Amino acid sequence: MKRVYNFNPGPATLPLEVLQEAQAEFLNFDNSGMSIIEISHRAKPYEKIHNQTKADILELMGLGEEYEVLFIQGGASLQFAMIPLNFATKENPGSYILSGTFSSNAYKEAANLGVGKIAASTKDENFCRVPTQAELNIDKNSAYLHICNNNTIYGTEFHYIPETGNIPLFADMSSDMLSRPWDFKKFDLIYAGVQKNLGPAGVVVVVAKKSLIEKSLETLPTMLRYDTFYKKNSLYNTPPAFSIYMVGKVVKWIKNCGGLAEMSKRNSKKAEILYAAIDDSNGFYKGHATKDSRSFMNVTFRLPNEDLENKFVAQALENNLSGVKGHRSVGGMRASIYNAMTIEGVEILADFMQKFQRQNS
Ligand SMILES: *Cc1c(COP(=O)(O)O)cnc(C)c1O
């Protein structure tokens with residue numbers, strides 16, 4: 007069986023052990039004589055997985071009773087709209103740090119509703135870094151400050167947690183959820199589309215303070231209210247059971263590997279290898295992100311010209327290295343090195359980069 011080294015940004019590579027385990031029990035889940043995708047979401051064996059996955063996520067994040075885990079569909083993109091719908095008003099708007107495409111999309115949803123404010127932006131620098139604390143200008147009446155923790159397209163990541171005073175802090179962690187220990191208690195609401203780092207597409211994990219999500223506006227449609235998911239244990243309607251089941255397996259895999267500290271160790275090592283390949287290339291490879299904002303999850307870089315970039319993508323694939331082409335808004339390359347990407351895969355990519363440079367400069 008031939009598997010490639012998969013550097014796709016999302017959907018993305020998952021741990022091989024997890025895929026194999028799911029394959030082995032696909033036809034007969036928990037001795038039910040049925041597949042996980044055939045059984046009722048009200049059945050005991052499913053509920054067990056549902057609740058265990060929630061508990062494992064909180065445990066990994068070091069969060070207790072005051073937080074709740076919700077499973078919501080519609081992708082991270084629906085969260086962009088649900089957040090201002092549930093929490094922002096004209097008097098208490100949502101404030102946003104614009105640090106890339108997704109944070110800008112999140113802001114647009116609030117702005118469309120007339121309840122969005124910009125607290126800082128690095129758009130003028132083509133989002134090559136995240137704004138610093140000193141640059142933040144947060145409206146004091148804000149209902150929340152929203153950040154995108156890791157900017158998947160530009161390859162930048164927050165390496166500090168913004169100080170907001172009494173203003174609740176919300177974060178899109180779609181592309182770096184559970185990749186490192188982080189002071190999650192400083193956040194009031196965290197969400198992540200799971201298809202980057204935690205499982206197959208189909209569900210968003212929302213981790214939020216119960217006191218925040220207990221009550222939503224009565225006028226909102228049922229499925230757009232956080233309290234619907236909270237009060238019904240995310241089982242108001244049929245949840246995406248297969249995605250949640252897979253997230254459960256990935257989360258267990260993270261725990262068995264040694265938790266977030268071990269993930270962070272591996273992820274730093276991988277990032278270090280690739281950034282060294284860029285920094286030691288005498289300018290052949292140029293990183294997009296400034297050094298202090300570099301992402302541990304998505305490494306973005308350009309080559310001297312587009313012809314070489316196309317050649318790089320084609321030859322990488324011949325070497326079993328898939329998904330290295332960057333997003334069109336940055337150009338060049340992007341290697342996504344989420345939790346499941348092995349150090350070996352990254353070393354092979356770095357070797358390939360060095361060989362490619364020797365042959366083409
Ligand atoms: C991929 C991504 C999104 C969009 O997620 P969907 O689930 O496709 O809506 C949002 N934010 C970040 C940081 C992402 O990486």
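Each residue of the sequence shown is one higher than the one before, counting from 7 in our numbering.
Ideal Cβ placement from N, Cα and C applies to all residues, glycine included.
Note that this is a predicted model, so its numbers are computed, not measured.
Alpha carbon of residue i to alpha carbon of residue j, nearest angstrom
{"i": "Asn156", "j": "Phe164", "result": "6 Å"}
{"i": "Asn83", "j": "Leu69", "result": "Correcting the residue type first, residue 83 is Ser in the shown sequence and not Asn. The straight-line gap from Cα to Cα measures roughly 25 Å."}
{"i": "Tyr251", "j": "Asn98", "result": "38 Å"}
{"i": "Ile89", "j": "Ala282", "result": "39 Å"}
{"i": "Leu2", "j": "Ala94", "result": "Lying outside 7 to 367, the shown extent of the chain, residue 2 is not represented and no answer is given."}
{"i": "Thr277", "j": "Leu226", "result": "A quick correction: the sequence has Ala, not Thr, at residue 277. Those two C-alpha atoms are separated by around 43 Å."}
{"i": "Gly264", "j": "Asp189", "result": "18 Å"}
{"i": "His47", "j": "Leu76", "result": "15 Å"}
{"i": "Arg300", "j": "Leu280", "result": "11 Å"}
{"i": "Pro187", "j": "Glu268", "result": "9 Å"}
{"i": "Gly161", "j": "Val305", "result": "5 Å"}
{"i": "His152", "j": "Asn92", "result": "14 Å"}
{"i": "Phe176", "j": "Ala112", "result": "11 Å"}
{"i": "Ser249", "j": "Ile42", "result": "10 Å"}
{"i": "Asn273", "j": "Ile343", "result": "7 Å"}
Cβ neighbour criterion (16 or more within 10 Å) applied to residue i
{"i": "Gln139", "result": "exposed"}
{"i": "Ala320", "result": "exposed"}
{"i": "Asp182", "result": "buried"}
{"i": "Lys192", "result": "exposed"}
{"i": "Lys123", "result": "buried"}
{"i": "Gly205", "result": "buried"}
{"i": "Asp286", "result": "exposed"}
{"i": "Asp313", "result": "exposed"}
{"i": "Leu22", "result": "exposed"}
{"i": "Phe32", "result": "exposed"}
{"i": "Lys184", "result": "The sequence given here places Leu at residue 184; Lys does not occur at that position. Buried."}
Close beta carbons around residue i, own chain, < 6 Å, minus the five adjacent residues each side
{"i": "Ile284", "result": "Tyr291, Gly293, Phe307"}
{"i": "Met339", "result": "Phe307, Val330, Gly332"}
Own chain partners of residue i with C-beta closer than 8 Å, once the 5 adjacent residues on each side are dropped
{"i": "Ser127", "result": "Ile103, Leu104, Ser105, Pro137"}
{"i": "Asp145", "result": "Pro99, Ser101, Lys123, Ala125"}
Sequence-distant residues of the same chain with beta carbon closer than 7 Å to residue i, five excluded per side
{"i": "Val336", "result": "Ile159, Tyr160, His294, Thr306"}
{"i": "Asn326", "result": "Val10, Tyr11"}
{"i": "Ala322", "result": "Val330, Phe358"}
{"i": "Lys8", "result": "none"}
{"i": "Phe235", "result": "Leu76, Ile78, Tyr242"}
{"i": "Asp36", "result": "Pro51"}
Touch test, the stretch 124–143 against the stretch 162–180, Cβ-Cβ under 8 Å, three pairs minimum: Counting C-beta pairs with one atom in each stretch, the stretch 124–143 and the stretch 162–180 have three or more that are closer than 8 Å, which means they touch.
Between the stretch 207–217 and the stretch 69–80, do three or more beta carbon pairs fall short of 8 Å? yes
Given 8 Å as the limit, is there contact between the stretch 183–203 and the stretch 54–61, that is, 3 or more CB pairs closer than that? Between the stretch 183–203 and the stretch 54–61 there are fewer than three inter-stretch CB-CB distances shorter than 8 Å, so the stretches are not counted as touching.
So, do the stretch 293–304 and the stretch 129–136 have three or more beta carbon pairs nearer to each other than 8 Å? yes
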